[in-house]
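**Q** If you read the protein sequences in the order shown, they are chains L and B. Note that this note's numbering numbers the first sequence so that position 208 is 208, with each residue one more than the last. Note that this note's numbering numbers the second sequence so that position 143 is 508, with each residue one more than the last. Virtual Cβ for every residue (Gly too), placed ideally from N, Cα, C.
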Amino acid sequence: MRAPFRIIFEQRSETPRYLAAFVPLMSVLAALVAGGIFLMASGYSASETYSNMLSDGFLSSRGITDTLGLSTVLICTGLCAAFAFQMNLYNIGGEGQVYLGMLGGAWAGLALGPRLPSVIAVPTVLLIGAAAGALWIFIPAFVRARLGTSEIVSTLLLTYIAASVLNHFVYTPNSYFRAPNVTFPMGRAVSESAQLTPLGGTRMYPTFFIVVALALFLYWVVKRTEFGYRIQVISDSPRAAHYAGVNARRTTMQVMLISGALAGFGGATLIVGEFGKLDQGILLLGYGYAGIVIAALARNNFAAIIVSGILFSGLRVGGDKLQITTETPIHIGVMLQGAILLFALGGEAFRRYRIRAVRIQAVAQ
Amino acid sequence: MNSNIWVLTSADSIAIATTLILAALGALFTERSGVLNLGIEGILLTSAISSFLAADSSGSIWLGLVVGSLVGSLLAGIHAVLSVTLRANQIVSGLALVIFGTGLANFLGKPAEGKTVTTIIEPLTFGPLSDIPVIGPVLFEHDIITYFAFALSIGSAWYLFRTRPGLELRATGDDPATVDAQGLSVAGIRIRYTLFGGLLVGLGGSWLMLAQSAAWHQAATTNGIGWIALALVVFAGWHPVRLIFGALLFGFSLQLPFTLQAEQITFIPSAFTQMLPYLATLIALIAFSRPGSKNLRGAPKALGNPFVRDER
Numbered sequence: 001m002r003a004p005f006r007i008i009f010e011q012r013s014e015t016p017r018y019l020a021a022f023v024p025l026m027s028v029l030a031a032l033v034a035g036g037i038f039l040m041a042s043g044y045s046a047s048e049t050y051s052n053m054l055s056d057g058f059l060s061s062r063g064i065t066d067t068l069g070l071s072t073v074l075i076c077t078g079l080c081a082a083f084a085f086q087m088n089l090y091n092i093g094g095e096g097q098v099y100l101g102m103l104g105g106a107w108a109g110l111a112l113g114p115r116l117p118s119v120i121a122v123p124t125v126l127l128i129g130a131a132a133g134a135l136w137i138f139i140p141a142f143v144r145a146r147l148g149t150s151e152i153v154s155t156l157l158l159t160y161i162a163a164s165v166l167n168h169f170v171y172t173p174n175s176y177f178r179a180p181n182v183t184f185p186m187g188r189a190v191s192e193s194a195q196l197t198p199l200g201g202t203r204m205y206p207t208f209f210i211v212v213a214l215a216l217f218l219y220w221v222v223k224r225t226e227f228g229y230r231i232q233v234i235s236d237s238p239r240a241a242h243y244a245g246v247n248a249r250r251t252t253m254q255v256m257l258i259s260g261a262l263a264g265f266g267g268a269t270l271i272v273g274e275f276g277k278l279d280q281g282i283l284l285l286g287y288g289y290a291g292i293v294i295a296a297l298a299r300n301n302f303a304a305i306i307v308s309g310i311l312f313s314g315l316r317v318g319g320d321k322l323q324i325t326t327e328t329p330i331h332i333g334v335m336l337q338g339a340i341l342l343f344a345l346g347g348e349a350f351r352r353y354r355i356r357a358v359r360i361q362a363v364a365q
Numbered sequence: 366m367n368s369n370i371w372v373l374t375s376a377d378s379i380a381i382a383t384t385l386i387l388a389a390l391g392a393l394f395t396e397r398s399g400v401l402n403l404g405i406e407g408i409l410l411t412s413a414i415s416s417f418l419a420a421d422s423s424g425s426i427w428l429g430l431v432v433g434s435l436v437g438s439l440l441a442g443i444h445a446v447l448s449v450t451l452r453a454n455q456i457v458s459g460l461a462l463v464i465f466g467t468g469l470a471n472f473l474g475k476p477a478e479g480k481t482v483t484t485i486i487e488p489l490t491f492g493p494l495s496d497i498p499v500i501g502p503v504l505f506e507h508d509i510i511t512y513f514a515f516a517l518s519i520g521s522a523w524y525l526f527r528t529r530p531g532l533e534l535r536a537t538g539d540d541p542a543t544v545d546a547q548g549l550s551v552a553g554i555r556i557r558y559t560l561f562g563g564l565l566v567g568l569g570g571s572w573l574m575l576a577q578s579a580a581w582h583q584a585a586t587t588n589g590i591g592w593i594a595l596a597l598v599v600f601a602g603w604h605p606v607r608l609i610f611g612a613l614l615f616g617f618s619l620q621l622p623f624t625l626q627a628e629q630i631t632f633i634p635s636a637f638t639q640m641l642p643y644l645a646t647l648i649a650l651i652a653f654s655r656p657g658s659k660n661l662r663g664a665p666k667a668l669g670n671p672f673v674r675d676e677r
């Protein structure tokens with residue numbers, strides 16, 4: 001027997017403006033509802049969990065500054081993902097590029113930091129971190145541009161390699177990066193001149209404002225410059241770009257290297273900020289992966305990434321505190337991230353298509 | 366040097382290849398229909414912990430395998446609905462599945478931490494064959510799932526290239542418009558093979574859990590095997606039999622760090638041996654790329670593109 005109605009997708013010629021904001025909002029809500037059902041099925045209170053997350057992540061003064069502090073690196077990884085995604089290049093190795101940014105930043109902080117005044121040391125750490133991130137994506141970018149090798153798999157594989165590299169430098173006895181005279185393996189703190197002081201007793205650093213400015217700058221670059229236009233043309237129609245004489249290979253390289261640099265920059269903000277040293281703890285935090293969700297939710301719009309980055313950061317901060325306050329497993333936060341992304345993707349269909357159910361007249365009668 | 370340990374390494378490489386083959390076959394069937402499912406790692410992980418919980422609470426390892434496989438299919442179903450029915454971006458959908466699956470698996474795995482699987486899947490014995498030195502332990506002391514995985518690879522090649530449904534499957538991945546013109550449902554075929562692919566990946570994850578690691582180590586349980594499986598499909602040029610060779614090679618590189626550790630070969634930094642499988646995969650991936658075209662050798666031509674009849 002066939003269903004009495006058919007679902008029809010009609011492509012919208014124009015997306016109503018209200019849907020552009022409505023769909024991401026609804027997907028977050030839908031994910032929270034689905035997560036709530038799951039929480040209740042596992043014997044936790046959904047309302048309590050969510051109200052705790054909300055107050056710990058956004059509403060308390062401690063919560064909101066923690067959220068803005070964490071959002072610094074998350075906005076970077078979101079920008080990293082979006083910058084490549086906008087040209088249909090899927091750099092999903094932002095995670096590994098964050099590790100390398102941290103490694104490069106730590107090197108700069110240890111080797112150059114002691115000899116430099118703070119005004120120079122901090123930018124040096126950030127820039128070398130960005131350079132290290134770009135270096136880590138160089139091979140995927142090069143083989144993607146030259147041989148067409150899938151950047152999806154190559155950048156991801158390099159994340160596992162980056163994790164081994166980072167572990168090597170933290171665990172190897174007498175490693176340059178390892179704190180001496182401590183039996184427990186941990187990173188050596190970078191020089192004081194390479195570290196920023198958090199803002200007024202919070203866990204938020206001035207780098208937050210740099211990153212927000214960076215996001216707005218990229219927004220301008222993509223919308224208003226010739227380089228941004230080139231990216232747009234290539235992603236809309238590679239063939240048209242080819243005939244217009246746009247060098248797609250070079251642009252591919254440029255876009256991927258910038259994408260890697262953005263993640264590396266994010267890793268380095270952790271050196272001048274929260275961590276102050278190479279720390280193997282980063283391997284468990286998944287900031288790079290979160291960037292993919294942030295970028296997708298913001299639909300690769302760089303200004304919107306600031307908002308989705310802060311939103312996500314709040315979810316993380318609230319989720320992390322749950323473990324302590326209510327013994328709800330911490331992983332609910334990661335699960336919600338994935339669920340939000342899945343719902344956002346489903347919601348896309350409603351933005352692009354008018355979906356209707358049409359009754360089929362029973363032929364047999 | 367102890368020759369025994371190398372026999373053991375070879376045997377273990379074949380064992381590890383089991384998960385790789387099953388996961389890669391799952392990806393291969395899905396991709397042959399034109400759907401790219403990058404969520405393999407998330408599916409492996411979730412099916413692994415599901416199989417553990419099912420086996421642990423029921424005491425039956427076989428029930429564990431069944432539950433794990435079905436969970437794999439269920440997660441793949443999310444991807445099928447999003448990418449086939451709702452025509453979402455398949456790459457982002459797959460990644461979302463990895464993130465969701467990792468969170469879900471860790472959430473579900475909370476009560477499993479510190480427990481181990483009590484019953485094991487018994488290896489088959491082939492009488493005198495198993496007693497042959499070197500060859501016996503390497504080839505004839507595996508469990509039934511391992512032999513099943515290898516046989517399935519060969520059977521899949523026959524199915525893909527020698528049967529009518531196999532032809533339809535390949536056509537759906539290469540030229541969905543023609544399949545549609547033949548009166549077949551492109552969406553139906555794609556959803557079916559995405560679900561079947563998830564089933565195989567789920568079986569691979571469950572087997573990895575119940576027969577190999579025996580304890581829940583969170584994300585380290587799968588440790589990137591899903592991604593290696595995806596690269597393996599490229600490496601094998603979307604051919605099920607060539608997959609076997611790749612799986613053995615990567616199985617060996619995954620096993621090697623443990624052997625070197627057991628042999629106390631320390632002049633190679635352990636960080637390097639740990640990255641070896643990923644490095645080997647990366648090099649193979651690059652070596653098998655063809656310049657000048659985005660279409661890799663043997664890749665389904667419509668891979669990753671949603672099929673929409675009226676928008677052609």
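Return the residues of the stretch 634–650 of chain B that lie within a Cβ-Cβ distance of less than 7 angstroms from chain L, sorted by chain order.
**A** Listed in sequence order: Pro-634, Ala-636, Gln-639, Met-640, Tyr-643, Leu-644, Thr-646, Leu-647 and Leu-650.
**Q** Is the shortest distance between the beta-carbon of B:Val-457 and the beta-carbons of chain L less than 7 angstroms?
**A** To locate residue 457 of chain B, count along the second sequence from 1; it is residue 92. Taking Cβ atoms only, chain L reaches closer than 7 angstroms to B:Val-457, which makes this a yes.
**Q** At a CB-CB cut-off below 7 angstroms, which residues of chain L make contact with B:Ser-618?
**A** One-based indexing of the second sequence puts residue 618 of chain B at position 253. Neighbours of B:Ser-618 on chain L: none; closest Cβ ~12 angstroms, over 7 angstroms.
**Q** Where do the ends of the alpha helix (DSSP H) carrying L:Tyr-160 lie?
**A** Counted from its first residue, the first sequence places residue 160 of chain L at position 160. Taken as a continuous stretch (DSSP letters only), the alpha helix (DSSP H) holding L:Tyr-160 covers 151–171.
**Q** Would you please state the rounded distance, in angstroms, between the beta carbons of B:Val-566 and B:Gly-391? I believe it to be under 8 angstroms.
**A** Numbered from 1 along the second sequence, position 201 holds the residue referred to as residue 566 of chain B. Numbered from 1 along the second sequence, position 26 holds the residue referred to as residue 391 of chain B. Yes, they are in contact, since the Cβ atoms of B:Val-566 and B:Gly-391 sit about 4 angstroms apart, within 8 angstroms.
**Q** Do you know how far the Cα of B:Val-499 is from the Cα of L:Gln-337?
**A** In the first sequence, residue 337 of chain L corresponds to position 337, counting from 1. In the second sequence, residue 499 of chain B corresponds to position 134, counting from 1. Distance between the alpha carbons of L:Gln-337 and B:Val-499: 49 angstroms.
**Q** Measuring only between beta-carbons, confirm whether B:Leu-447 sits less than 7 angstroms from chain L.
**A** Numbered from its first residue, the second sequence carries residue 447 of chain B at position 82. Interface residue, yes.
**Q** Return the CA-CA distance between L:Leu-214 and B:Asn-670, expressed in angstroms with no decimal places.
**A** Along the first sequence, one-based indexing puts residue 214 of chain L at 214. Along the second sequence, one-based indexing puts residue 670 of chain B at 305. Roughly 34 angstroms separates the two Cα atoms.
**Q** Would you tell me roughly how many angstroms separate the C-alpha atoms of L:Val-293 and B:Ile-456, rounded to the nearest one?
**A** Here residue 293 of chain L corresponds to residue number 293 of the first sequence, with the count starting at 1. Here residue 456 of chain B corresponds to residue number 91 of the second sequence, with the count starting at 1. Answer to the nearest angstrom: the Cα atoms are 12 angstroms apart.
**Q** Report the three-state DSSP secondary structure of B:Ala-580 (helix, strand or coil).
**A** Position 215 of the second sequence holds residue 580 of chain B. B:Ala-580 falls in the strand class under three-state DSSP.
**Q** Under a CB-based cut-off of 7 angstroms, is L:Gly-35 close to chain B?
**A** Counting from one through the first sequence, the residue named residue 35 of chain L turns up at place 35. Not closer than 7 angstroms to any Cβ of chain B, the Cβ of L:Gly-35 fails to qualify, so no.
**Q** Considering L:Tyr-353, what are the terminal residues of the beta strand (DSSP E) in which it resides?
**A** Here residue 353 of chain L corresponds to residue number 353 of the first sequence, with the count starting at 1. From DSSP, the beta strand (DSSP E) with L:Tyr-353 extends over 353–359.
**Q** Alpha carbon to alpha carbon, how far is B:Leu-393 from B:Phe-561? Give it in angstroms, no decimals.
**A** Position 196 of the second sequence, counting from 1, holds the residue named residue 561 of chain B. Position 28 of the second sequence, counting from 1, holds the residue named residue 393 of chain B. Computed Cα separation, rounded: 11 angstroms.
**Q** Short of 7 angstroms in beta carbon distance, which residues of its chain neighbour L:Ala-241, apart from the five on each side in sequence? Order them along the chain.
**A** Locating residue 241 of chain L in the first sequence gives position 241, where the first residue counts as 1. Excluding positions up to five away in sequence, the list reads Val-233, Ile-234 and Ala-248.
**Q** Beta carbon of L:Arg-6, beta carbon of L:Arg-354: below 7 angstroms?
**A** Here residue 6 of chain L corresponds to residue number 6 of the first sequence, with the count starting at 1. Here residue 354 of chain L corresponds to residue number 354 of the first sequence, with the count starting at 1. Contact flag unset, no.
**Q** Short of 6 angstroms in beta carbon distance, which residues of its chain neighbour L:Ala-20, apart from the five on each side in sequence? Order them along the chain.
**A** For this step, residue 20 of chain L is matched to residue 20 along the first sequence. Around L:Ala-20: no qualifying Cβ.
**Q** Secondary structure at L:Glu-10, three-state DSSP: helix, strand or coil?
**A** For the purposes of this step, residue 10 of chain L is taken as the residue at position 10 of the first sequence. If DSSP states are grouped into helix, strand and coil, L:Glu-10 belongs with the strands.
**Q** Starting from B:Ile-485, trace the alpha helix (DSSP H) both ways and give me its first and last residue.
**A** Working through the second sequence from its first residue, we reach residue 485 of chain B at position 120. Careful: B:Ile-485 lies outside any alpha helix (DSSP H) and carries neither H nor E.
**Q** Just to confirm, is the Cβ distance from L:Tyr-229 to B:Ile-464 under 7 angstroms?
**A** Looking up residue 229 of chain L in the first sequence gives position 229. Looking up residue 464 of chain B in the second sequence gives position 99. Cβ distance not < 7 angstroms, so L:Tyr-229 and B:Ile-464 don't count as in contact.
**Q** Taking the alpha helix (DSSP H) that L:Ala-30 belongs to, which residues open and close that run?
**A** Position 30 of the first sequence, counting from 1, holds the residue named residue 30 of chain L. Here the alpha helix (DSSP H) through L:Ala-30 covers 17–41.
**Q** How long is the line joining the alpha carbons of L:Ser-191 and L:Pro-114, rounded to whole angstroms?
**A** By one-based count along the first sequence, residue 191 of chain L stands at place 191. By one-based count along the first sequence, residue 114 of chain L stands at place 114. About 6 angstroms.
**Q** Sort out for me which residues DSSP pairs L:Phe-5 with in a bridge.
**A** The count along the first sequence starts at 1 and reaches residue 5 of chain L at position 5. Answer is L:Arg-359.
**Q** Does the contact criterion of 3 or more C-beta pairs under 8 angstroms hold for the stretch 263–272 of chain L versus the stretch 46–58 of chain L?
**A** As far as the Cβ criterion goes, the stretch 263–272 of chain L does not touch the stretch 46–58 of chain L, which means the pair count is below three.
**Q** Cβ closer than 8 angstroms: which chain B residues qualify as neighbours of L:Met-186?
**A** The count along the first sequence starts at 1 and reaches residue 186 of chain L at position 186. In chain order: nothing, as chain B lies at least about 17 angstroms away.
**Q** How is the alpha helix (DSSP H) around B:Asp-496 delimited, first residue to last?
**A** Counted from its first residue, the second sequence places residue 496 of chain B at position 131. Residues 493–496.
**Q** Is the number of C-beta pairs between the stretch 140–152 of chain L and the stretch 647–655 of chain B that are closer than 8 angstroms three or more?
**A** Enough Cβ pairs lie closer than 8 angstroms, so yes.
**Q** Output needed for B:Glu-487: all residues of its chain with C-beta closer than 7 angstroms, excluding positions within five of it in sequence on either side, in chain order.
**A** Within the second sequence, the letter at position 122 stands for residue 487 of chain B. Cβ neighbours of B:Glu-487 beyond the five flanking positions: Asp-508.
**Q** I need the DSSP call for L:Arg-178, collapsed to helix, strand or coil.
**A** The residue labelled residue 178 of chain L in the question sits at position 178 within the first sequence. Note: L:Arg-178 maps to strand in three-state DSSP.
**Q** Going by DSSP in three states, B:Gly-548 sits in which element: helix, strand or coil?
**A** For the purposes of this step, residue 548 of chain B is taken as the residue at position 183 of the second sequence. Here B:Gly-548 sits in coil by DSSP.
**Q** Shortest alpha-carbon distance to B:Pro-634 belongs to which of L:Tyr-171, L:Leu-29, L:Gly-105 and L:Gly-94?
**A** Mapped onto the second sequence, residue 634 of chain B falls at position 269. Among L:Tyr-171, L:Leu-29, L:Gly-105 and L:Gly-94, the Cα nearest to that of B:Pro-634 is on L:Tyr-171.
**Q** Near B:Gly-570, which residues of its chain fall below 8 angstroms by C-beta distance, leaving aside the five closest residues on each side in sequence?
**A** For the purposes of this step, residue 570 of chain B is taken as the residue at position 205 of the second sequence. Hits under 8 angstroms: Thr-384, Ala-388, Ile-408, Leu-409, Leu-410, Thr-411, Ser-412, Ala-413, Ser-416, Gly-433, Gly-437 and Thr-587.
**Q** Where do the ends of the alpha helix (DSSP H) carrying B:Thr-537 lie?
**A** Along the second sequence, read from residue 1 onward, the residue named residue 537 of chain B stands at position 172. Looking at the DSSP string, the run of the alpha helix (DSSP H) that includes B:Thr-537 is 529–539.
**Q** Compile a chain-ordered list of the residues in the stretch 330–361 of chain L whose CB is closer than 7 angstroms to at least one CB of chain B.
**A** Listed in sequence order: His-331, Ile-332, Val-334, Met-335, Gln-337, Gly-338, Ala-339, Leu-341, Leu-342, Leu-345, Gly-346, Glu-348 and Ala-349.
**Q** Can you confirm whether B:Leu-460, when its beta carbon is compared against all beta carbons of chain L, has any partner nearer than 7 angstroms?
**A** In the second sequence, residue 460 of chain B corresponds to position 95, counting from 1. With 7 angstroms as the cut-off, B:Leu-460 counts as an interface residue toward chain L.
**Q** Report the option in L:Ala-162, L:Leu-74, L:Thr-269 and L:Tyr-90 whose CA atom is closest to the CA atom of L:Val-307.
**A** Counting from 1 along the first sequence, the entry for residue 307 of chain L is found at position 307. Considering only alpha carbons, the answer is L:Leu-74.
**Q** Say whether chain B places a C-beta atom closer than 7 angstroms to the C-beta of L:Tyr-243.
**A** Reading the first sequence from its first residue, position 243 is the one you call residue 243 of chain L. Chain B contact via Cβ: absent.
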